[in-house]
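For reference, the structure discussed in these notes is given below.
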Amino acid sequence: MKLTFASPLSAIRGVGAAGERVLNSAGLATVRDVLWNLPHRYEDRSEPQRIASLTQPDTMATVGGRLVQVIERRARNRRLRIVEAMVDDGSGSLPIVWFNQPYLASTLHEGMRVWLYGALKPARSGWGLQLVAPEWEIEDEESEPIHLGRIVPMYRRLGSWSGRRVRTLVSRALEGLGQVVDPLAGMLPDDLRLVPLGEALSGVHFPQPPGAGVPATDAFFDQLAQRRTPAHRRLAFEELLALALVLERERGRRHSQRAPICNITEEVRDSARRVLPFRLTEAQKRAIAEIVSDLQRTYPMARLLQGDVGSGKTIVAALSALVVLASGHQVALLAPTELLAQQHYSTLTGLLGPTLFRPELLIGSLAAAEKRRVRDCLADGSAHFVVGTHALLEDAVVFGRLGLAIIDEQHRFGVAQRQALIEKGEAPHLLVMTATPIPRSLALSLYGDLDFSVLDEMPPGRTPVRTAIRDDSARPKLAEFLRGEVAGGGQAYWVFPLIEESDKISARAVETHVRAVRQSLPGVRVGVVHGRTPAAEREATMAAFAAGEIGVLCATTVIEVGVDVPNASVMVIENAERFGLAQLHQLRGRVGRGRRRSFCALLAGPECSHEAKERLELLAATADGFRIAEEDFRLRGPGEFTGLRQWGRPEFHVASLWLHRRELEAARALAATAAASGQLEAVAAALSCPGGVGPGVPVG
Ligand code: ADP
Ligand code: MG
Numbered sequence: 082m083k084l085t086f087a088s089p090l091s092a093i094r095g096v097g098a099a100g101e102r103v104l105n106s107a108g109l110a111t112v113r114d115v116l117w118n119l120p121h122r123y124e125d126r127s128e129p130q131r132i133a134s135l136t137q138p139d140t141m142a143t144v145g146g147r148l149v150q151v152i153e154r155r156a157r158n159r160r161l162r163i164v165e166a167m168v169d170d171g172s173g174s175l176p177i178v179w180f181n182q183p184y185l186a187s188t189l190h191e192g193m194r195v196w197l198y199g200a201l202k203p204a205r206s207g208w209g210l211q212l213v214a215p216e217w218e219i220e221d222e223e224s225e226p227i228h229l230g231r232i233v234p235m236y237r238r239l240g241s242w243s244g245r246r247v248r249t250l251v252s253r254a255l256e257g258l259g260q261v262v263d264p265l266a267g268m269l270p271d272d273l274r275l276v277p278l279g280e281a282l283s284g285v286h287f288p289q290p291p292g293a294g295v296p297a298t299d300a301f302f303d304q305l306a307q308r309r310t311p312a313h314r315r316l317a318f319e320e321l322l323a324l325a326l327v328l329e330r331e332r333g334r335r336h337s338q339r340a341p342i343c344n345i346t347e348e349v350r351d352s353a354r355r356v357l358p359f360r361l362t363e364a365q366k367r368a369i370a371e372i373v374s375d376l377q378r379t380y381p382m383a384r385l386l387q388g389d390v391g392s393g394k395t396i397v398a399a400l401s402a403l404v405v406l407a408s409g410h411q412v413a414l415l416a417p418t419e420l421l422a423q424q425h426y427s428t429l430t431g432l433l434g435p436t437l438f439r440p441e442l443l444i445g446s447l448a449a450a451e452k453r454r455v456r457d458c459l460a461d462g463s464a465h466f467v468v469g470t471h472a473l474l475e476d477a478v479v480f481g482r483l484g485l486a487i488i489d490e491q492h493r494f495g496v497a498q499r500q501a502l503i504e505k506g507e508a509p510h511l512l513v514m515t516a517t518p519i520p521r522s523l524a525l526s527l528y529g530d531l532d533f534s535v536l537d538e539m540p541p542g543r544t545p546v547r548t549a550i551r552d553d554s555a556r557p558k559l560a561e562f563l564r565g566e567v568a569g570g571g572q573a574y575w576v577f578p579l580i581e582e583s584d585k586i587s588a589r590a591v592e593t594h595v596r597a598v599r600q601s602l603p604g605v606r607v608g609v610v611h612g613r614t615p616a617a618e619r620e621a622t623m624a625a626f627a628a629g630e631i632g633v634l635c636a637t638t639v640i641e642v643g644v645d646v647p648n649a650s651v652m653v654i655e656n657a658e659r660f661g662l663a664q665l666h667q668l669r670g671r672v673g674r675g676r677r678r679s680f681c682a683l684l685a686g687p688e689c690s691h692e693a694k695e696r697l698e699l700l701a702a703t704a705d706g707f708r709i710a711e712e713d714f715r716l717r718g719p720g721e722f723t724g725l726r727q728w729g730r731p732e733f734h735v736a737s738l739w740l741h742r743r744e745l746e747a748a749r750a751l752a753a754t755a756a757a758s759g760q761l762e763a764v765a766a767a768l769s770c771p772g773g774v775g776p777g778v779p780v781g
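So the mapping is simple: the working numbering equals the position in the sequence shown, first residue as 1, plus 81.
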């Protein structure tokens, strides 16, 4: 029977009811799933070696020849069953041994031609070599070998199915499928030289080096390892296209909505001028102009404001809020931590002082009565502006007329949270802000449904942060330096890497660290904040630090985002190797905000590897957040998958946002063209990859 992508697994030759159950529970349901289950690597078993030429023990060898003897015996301890054989290729003969696979004695017979691939070990006799537990395949006149004598795909186990069995399964699925018509034929971009679907599927599973009969070059193996062969790129393109179509669909949906109407009157302009505590940078002006123009459209704004740490996103948010408030709508600002929400609340209360609008604060640690009061005011519309944490997302929070949702440090939230906030209004405008510079390719995929504004310019008066990598031996000098800084009016952060903020043990660990810090800094007032510090205490500590009463603030990464104390000039990071580069960059961004010369000490722990050290060196050498992000992204590669999952995007089997960035650009272009010409759903219907991007499947 001829298979289709949608055929059930039991339609594949060799898959019975039991096999189907095993594969189903491993997540495979159809022929499509089998074909998109890609090998995780390839082994070169293409070149048989002449037995006479094999002299090196402990190497891998491929041999092709005739079996001259097969016997089974039990080892002396009776538990181990051994099959021994001898293979001859005309140049010589080689002994083979398999353990505990007695069925081989009845599968393999004298006189058969076989392929073998395995490790060469010194023979038991002490003379020459033997092949130990090799992979084997019986040569077949009718068909190409799949396990040996070629570049062999290596699959992960699926339940009780070995990688070898999966290989057979894939080969039979391809065979049953026969010729495949490429539904994207004619749509593939010419300049990427992608192959048609059928060729791509057989090419990723059973690669043939380009040029018949020519051995594969190193370059070809590099391409395979990097999933960059034309076959891999064809499949990657399709997955990226699936993503691009989802994003276009979201954009289209938004354009059909009616947004809260905002009018920019002379009065609004006036109060904006009164609010401004400083001259805006050109980048800030540009971003505000873009936002204001969005706010006057008929459909809701959805804009990402990207700007490195300290580039001044808060004022952009405040002015955007003002425009919306002045038109009679409500504004909500969502922040990832209570610390940051509190800080925004006090900054915005100050900024909006000269206007009619007073922000409210809504965070989990407020007293129940106060929370109720804020919620009531939001529901009846008497509160205009609210700043808060996840507490804003609770069902109990209802807005009378939400006009603008602002999300700060967007990367800390998932798409579900973004959605939850938006759904508190009819079709509110959305402004998301992030200080984590995102590589273009990632931005296109994670935030591809948004428009971008970039703050690529720092406010004046910034001093570059000098960054140094140090180890334990530098502690005494570091303490001395810090005492000097504090005596001279400076302040410092001292950060500890604790993974579980909520963990009691971690909280204790901070206390232990803090005791050591206090001991090394006699006469300096040392404060502490971490995830388990009660809100009131945390607020008091932060206020004391902001007022300059605390010299050194010990903290976990709660201070990573948004915290703004311009007088702080030193950042010490313990076990810096445990952080991602982007995170270190964020932490470093807490200093260098004022006039003082600023420093960052990255303390590398004793277990810091050579590679980790190199990453830290990159950070020390550059302040360019985008470069750091690209590098972080390149190094952490697989992290991208979690990122996508968190965003409710289709997951990739082949595609890599980094390795396939050209394919991503091309896919985005195709999706945009398709959307513009009303062909979006037609293209979506032509996709063969799994992942549920068929028409109307909601994603995020
Ligand atoms: P981020 O982009 O990291 O959120 P903030 O909005 O917290 O940055 O701004 C960082 C600091 O720079 C704040 O102290 C803010 O008052 C100040 N700032 C922002 N814009 C300007 C400007 N145009 N001129 C001077 N200072 C500015
Ligand atoms: Mg900020």
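From the three backbone atoms N, C-alpha and C, an ideal C-beta is built for every residue, glycine too. Predicted, not measured: the structure shown is a model, and the values here were computed from it.
{"Check": "Residue 635 versus residue 254: straight-line alpha-carbon distance, rounded", "Outcome": "59 Å"}
{"Check": "Start and end residues, beta strand (DSSP E) containing residue 476", "Outcome": "Unbroken run through residue 476: none, as it is neither H nor E."}
{"Check": "Beta-carbon proximity of residue 610 to residue 622, cut-off 8 Å", "Outcome": "yes"}
{"Check": "Assigned exposure category for residue 366 - 16 Cβ within 10 Å defines buried", "Outcome": "exposed"}
{"Check": "Inter-residue spacing [alpha-carbon to alpha-carbon] between residue 453 and residue 560", "Outcome": "47 Å"}
{"Check": "Three CB pairs or more closer than 8 Å across the region 464-472 and the region 398-411", "Outcome": "yes"}
{"Check": "Where residue 405 sits in the DSSP three-state scheme", "Outcome": "helix"}
{"Check": "Residue 516 beta carbon near ligand 2 (any heavy atom closer than 7 Å)", "Outcome": "yes"}
{"Check": "Close-in-space but distant-in-sequence residues of the same chain around residue 535 (CB under 6 Å, 5 per side omitted)", "Outcome": "387"}
{"Check": "Heavy atom of ligand 1 within 7 Å of residue 359 beta-carbon", "Outcome": "yes"}
{"Check": "Proximity test, residue 281 beta-carbon vs ligand 4 heavy atom, cut-off 7 Å", "Outcome": "Annotation note on ligand 4: not contained in the displayed structure, which lists ligand 1 and ligand 2 as its ligands."}
{"Check": "Any non-hydrogen atom of ligand 2 within 7 Å of residue 452 CB", "Outcome": "no"}
{"Check": "Nearest-angstrom Cα separation, counted from residue 751 out to residue 323", "Outcome": "11 Å"}
{"Check": "Alpha helix (DSSP H) runs wholly inside the region 197-266, at least 4 long, in chain order", "Outcome": "244-258"}
{"Check": "Bounding residues of the beta strand (DSSP E) (the contiguous stretch that carries residue 387)", "Outcome": "383-388"}
{"Check": "Heavy atom of ligand 2 within 7 Å of residue 395 beta-carbon", "Outcome": "yes"}
{"Check": "Alpha helix (DSSP H) segment containing residue 687, residue limits", "Outcome": "From DSSP, residue 687 is part of no alpha helix (DSSP H); its letter is neither H nor E."}
{"Check": "Extent of the continuous alpha helix (DSSP H) run through residue 549", "Outcome": "That residue, residue 549, is in no alpha helix (DSSP H); its beta strand (DSSP E) goes 546-551."}
{"Check": "Close-in-space but distant-in-sequence residues of the same chain around residue 106 (CB under 7 Å, 5 per side omitted)", "Outcome": "240"}
{"Check": "Residue 195 versus residue 129 - alpha carbon distance", "Outcome": "11 Å"}
{"Check": "DSSP-derived helix/strand/coil call for residue 667", "Outcome": "helix"}
{"Check": "Straight-line Cα distance separating residue 645 from residue 633", "Outcome": "15 Å"}
{"Check": "Any non-hydrogen atom of ligand 2 within 7 Å of residue 537 CB", "Outcome": "no"}
{"Check": "CA nearest to the CA of residue 376, picked from 357, 361, 115, 339", "Outcome": "339"}
{"Check": "Buried or exposed by the 16-neighbour rule on C-beta atoms within 10 Å, applied to residue 574", "Outcome": "buried"}
{"Check": "Helix, strand or coil at residue 86 [DSSP, three-state]", "Outcome": "coil"}
{"Check": "Start-to-end residues for the beta strand (DSSP E) that takes in residue 466", "Outcome": "466-469"}
{"Check": "Supposed close pair residue 174, residue 149 - CB separation, criterion 8 Å", "Outcome": "6 Å"}
{"Check": "Beta strand (DSSP E) segment containing residue 143, residue limits", "Outcome": "141-155"}
{"Check": "Ligand 1 heavy atom lying under 7 Å from the CB of residue 534", "Outcome": "no"}
{"Check": "For residue 458, three-class secondary structure by DSSP", "Outcome": "helix"}
{"Check": "Classification of residue 230 by the beta-carbon crowding that lies within 10 angstroms, buried from 16 upward", "Outcome": "buried"}
{"Check": "Classification of residue 426 by the beta-carbon crowding that lies within 10 angstroms, buried from 16 upward", "Outcome": "buried"}
{"Check": "Alpha helix (DSSP H) runs wholly inside the region 328-383, at least 4 long, in chain order", "Outcome": "347-356, 363-376"}
{"Check": "Assigned exposure category for residue 605 - 16 Cβ within 10 Å defines buried", "Outcome": "buried"}
{"Check": "7 Å Cβ shell around residue 157 - same chain, five flanking residues per side excluded", "Outcome": "none"}
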